[in-house]
Amino acid sequence: MKPCKATRPVDLAADVWKSKLWYPAEWLAGFFNLVVKEKKVPECWRQSTTIPIWKKKGSPADCSNYRPIRLLSHSMKIFERILDRRIREIVKLSDN
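Counting in full-length UniProt numbering, the sequence shown runs from 1 upward without gaps.
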């Protein structure tokens, strides 16, 4: 997560998650364990906001000159990275 990036209204900015003044690891571990135990993700993790970004080439009036970006929950991104790392420790991924 890059600092100074946009976030959704229901989430904390990446700068807060990385702050040296706050240690969210214990809280996040409890929250993530609850997500796994309940087998249910928060509703806000299922939502995203898509924003078109102009590629700075071609006419701004042409939709094909835009690329979409999605604003996602930072807590969801952290959860996905942890889950991905744990799965990769167990599963052998193919080189193809």
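The beta carbon of each residue, even a glycine, is placed where N, CA and C say it ideally should be.
Relative to the C-alpha of residue i, which residue among the options is closest?
i	options	result
Pro42	Lys92, Lys77, Arg85	Lys77
Pro24	Gly58, Ile51, Ser75	Ser75
Arg81	Trp22, Phe32, Ser48, Thr50	Phe32
What does the Cβ neighbour count give for residue i, buried or exposed, with the cut at 16 atoms within 10 Å?
i	result
Ser19	exposed
Ser73	buried
Name the two residues that bound the continuous alpha helix (DSSP H) containing residue i.
i	result
Arg86	74-90
Ala61	Where Ala61 is concerned, there is no enclosing alpha helix (DSSP H), given that its DSSP letter is neither H nor E.
Trp27	25-38
If we cut at 8 Å on Cβ distances, does residue i have a partner in chain C?
i	result
Ile82	Of the protein chains in the structure, only one exists, and it is not chain C.
Could you pull the DSSP bridge partners for residue i from this structure?
i	result
Leu71	Thr49
Tyr66	Trp54
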